[in-house]
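Asks:
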Amino acid sequence: MQKLHRYESETQSFQIRKDHIPQYHQIWHYHEELELIYINRGLGTFFIGDCIQRFEHGACVLIGKNVPHYWHFDEEYSQEAQAEIYVIHFREDFAGKDFLALPELAEVRRTVQQAQKGLWIEALPFAIALLFQDLEKETSGFQQLYRLLQVLHEFTQFAPKVSLVSSDYDIQQQHEEVTRMNTIIGYINTHYRGELELTTLANLSGMTRNSFCRYFKQRTGKTLTAFITALRVAHACKLLRDSGATIKESCFDAGFNNFVSFHKAFKKITGTTPLAYRRTFS
Numbered sequence: 013m014q015k016l017h018r019y020e021s022e023t024q025s026f027q028i029r030k031d032h033i034p035q036y037h038q039i040w041h042y043h044e045e046l047e048l049i050y051i052n053r054g055l056g057t058f059f060i061g062d063c064i065q066r067f068e069h070g071a072c073v074l075i076g077k078n079v080p081h082y083w084h085f086d087e088e089y090s091q092e093a094q095a096e097i098y099v100i101h102f103r104e105d106f107a108g109k110d111f112l113a114l115p116e117l118a119e120v121r122r123t124v125q126q127a128q129k130g131l132w133i134e135a136l137p138f139a140i141a142l143l144f145q146d147l148e149k150e151t152s153g154f155q156q157l158y159r160l161l162q163v164l165h166e167f168t169q170f171a172p173k174v175s176l177v178s179s180d181y182d183i184q185q186q187h188e189e190v191t192r193m194n195t196i197i198g199y200i201n202t203h204y205r206g207e208l209e210l211t212t213l214a215n216l217s218g219m220t221r222n223s224f225c226r227y228f229k230q231r232t233g234k235t236l237t238a239f240i241t242a243l244r245v246a247h248a249c250k251l252l253r254d255s256g257a258t259i260k261e262s263c264f265d266a267g268f269n270n271f272v273s274f275h276k277a278f279k280k281i282t283g284t285t286p287l288a289y290r291r292t293f294s
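Shown next as C-alpha cells:
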C-alpha cells in the first residue's frame, strides 16, 4: 500500500480535479488529505478499508485521512474519456486549524469525523453534482473556497449516507508493506473470476500459505475467501443489472462453481436474492 502526497501549494488550500483516466485511482493507497470523490460517469468496485462495494454513475464518497482505498473501474472504462471523475482533496485544517471548530460548522465537523469510516451516497442528486462541476471550472480562489463549503454543506445535509468501514478495522496497522499489497490486490483483481490458488498468492508474496492468510486478514480485515467472494458477488451484480445474462450465467461468469454457494453468498452480502435483485432493475 502506498502513501501518496497529494499536493503542496502556497496558492491553494485544497485541490480539485477532473479525471478521465481511471488508472490514476487503481492503486491501494492512502494520504493525509480527506478525499471527496464524485463519479459522474463510471462503473466499478471500490475498496475502502475492509469494505468492498460496487459503485455506479452518480456515486459520491467521502474518505477520511489515512484511510486505505482503491478504485477498480470496469474494463470498458480503461480508455481515456470513457470515465468522468471529480476528486477533491483537502486537509481538516484547510481553512485554518480552528475553522471546523466554529459552532456554525458543527455538522460539517461531525461529517469529517465520520469520514474515518468512509461515507457513501449511492446516487448524488443532480443539483449537488452540478456543484462539483462548477467548482472544477471556477478560476477565482475565493469562489473556489465558497463552492467547496457549499459542496461540504450539501454532502453533510444529504441523507442517507452509508458508513462503509467496520468498527474494528485498524487503520494504523495497514500502513506497511506498500509494494507487496499492491501486487497481491492487483493479481486478485485480474484473476478472481477464475481459479485463484492460495499457493500462487503465497508464492507471489514470498510467504507460506498460513503466513499469507494471516497477513492478508491483518491488511484487509477480511479472509482471502471473503475478499474474493465479495468481488465475485459485485461482478454478478453488474451482470444481473446491466446485461441479459441469466442468473445461472452470472453465477458462473463471476467465478462461482456452485449455484447453491453463489445464492447463499449473494444473499449474505447484498441482503437479497439474485432474482429479487434483478427484478429491482427490470
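Take any residue in the sequence shown, count from 1 to its spot, add 12: that is its number in my numbering.
Glycine included, every Cβ here is placed at the ideal spot set by N, Cα and C.
1. With DSSP as the reference, please indicate the residues paired to D265 in a beta bridge.
2. With burial defined as no fewer than 16 other Cβ atoms inside 10 Å of the residue's Cβ, what is the status of T23: buried or exposed?
3. Please list the terminal residues of the continuous beta strand (DSSP E) segment that includes V79.
4. Between the Cα of F293 and the Cα atoms of S255, T195 and G283, which residue gives the shortest distance?
5. Name the residue from A118, D146 and I200 whose alpha carbon lies nearest to the alpha carbon of T168.
6. Applying the 10 Å Cβ sphere with the 16-neighbour rule, what's the burial state of S152?
7. Please determine if the segment 54 to 70 and the segment 104 to 120 are in contact, where contact requires at least 3 C-beta pairs separated by less than 8 Å.
8. With DSSP as the reference, label F26 as helix, strand or coil.
9. Thinking C-beta only, is F228 closer than 8 Å to L216?
10. Determine the direct distance from the alpha carbon of L213 to that of F224, and round the result to whole angstroms.
11. Whose C-beta lies closer than 8 Å to the C-beta of T241 among residues of the same chain, with five residues either side of it excluded?
12. Starting from L143, trace the alpha helix (DSSP H) both ways and give me its first and last residue.
13. Is the segment 72 to 82 touching the segment 119 to 128 in the sense that three or more CB pairs, one from each, lie closer than 8 Å?
14. Can you give me the Cβ contacts of L175 inside the same chain, cut-off strictly under 6 Å, excluding the 5 residues immediately before and after it?
15. Could you give the uninterrupted runs of the beta strand (DSSP E) lying entirely in the segment 245 to 293, keeping only those of 3 residues or more?
16. The beta strand (DSSP E) with G153 in it runs from where to where?
17. Helix or strand or just coil, what does DSSP make of H101?
18. Return the first residue and the last residue of the alpha helix (DSSP H) that L216 is part of.
19. Here's the rule: buried if 16 or more other CB atoms are within 10 angstroms of the residue's CB, otherwise exposed. What is P172?
20. Considering only DSSP beta bridges, list what D31 is partnered with.
Replies: Reading it off the structure:
1. As a first step, residue 265 is located in the sequence shown; it is residue number 253 there, counting from the start. Beta-bridge analysis with DSSP links D265 to no other residue.
2. Here residue 23 refers to the residue found at position 11 of the sequence shown. Answer is exposed; the Cβ neighbour count stays below 16.
3. Taking the first residue of the sequence shown as 1, we reach residue 79 at position 67. Boundaries cannot be given for V79, as no beta strand (DSSP E) includes it and DSSP labels it neither H nor E.
4. Your numbering for residue 293 matches position 281 in the sequence shown. That would be S255, whose Cα lies nearest to the Cα of F293.
5. The residue you call residue 168 lines up with position 156 of the sequence shown. Per the Cα distances, A118.
6. Stepping through the sequence shown from its first residue, residue 152 is reached at position 140. Exposed: under 16 other Cβ atoms inside 10 Å.
7. Below 8 Å, too few C-beta pairs join the segment 54 to 70 and the segment 104 to 120 to call them touching: fewer than three.
8. Locating residue 26 in the sequence shown gives position 14, counting from the first residue. It is a strand residue.
9. Along the sequence shown, one-based indexing puts residue 216 at 204. Along the sequence shown, one-based indexing puts residue 228 at 216. Between L216 and F228, the CB-CB gap reaches or exceeds 8 Å.
10. If you number the sequence shown from 1, residue 224 lands on position 212. If you number the sequence shown from 1, residue 213 lands on position 201. Near 8 Å, if we compare the C-alpha coordinates of L213 and F224.
11. What you label residue 241 is simply residue 229 of the sequence shown in a count that begins at 1. Answer for T241: A277 and I281, listed in chain order.
12. Residue 143 sits at position 131 when you count from the first residue of the sequence shown. Where L143 is concerned, the enclosing alpha helix (DSSP H) stretches over F138 to K149.
13. Taking 8 Å as the limit for Cβ pairs, the verdict is that the segment 72 to 82 does touch the segment 119 to 128.
14. Sequence index remark: in the sequence shown, residue 175 carries index 163 (1-based). One point to set straight first is that residue 175 is Ser, not Leu, in the sequence displayed. For S175, same chain residues with a beta-carbon under 6 Å away, outside a window of 5 residues either side, are K129 in chain order.
15. For the segment 245 to 293, there is no continuous beta strand (DSSP E) assignment of 3+ residues that stays within its boundaries.
16. The residue labelled residue 153 in the question sits at position 141 within the sequence shown. For G153, there is no enclosing beta strand (DSSP E); the enclosing alpha helix (DSSP H) has its first and last residue at G153 to Q169.
17. Position 89 of the sequence shown, counted from the start, is the residue given in the question as residue 101. The answer is strand: DSSP assigns H101 an E or B state.
18. If you number the sequence shown from 1, residue 216 lands on position 204. Element bounds for L216: L210 to L216.
19. The sequence position of residue 172 within the sequence shown is 160, counting from 1. Answer is exposed; the Cβ neighbour count stays below 16.
20. The residue given as residue 31 occupies position 19 in the sequence shown. Per DSSP, the beta bridge partners of D31 are I97.
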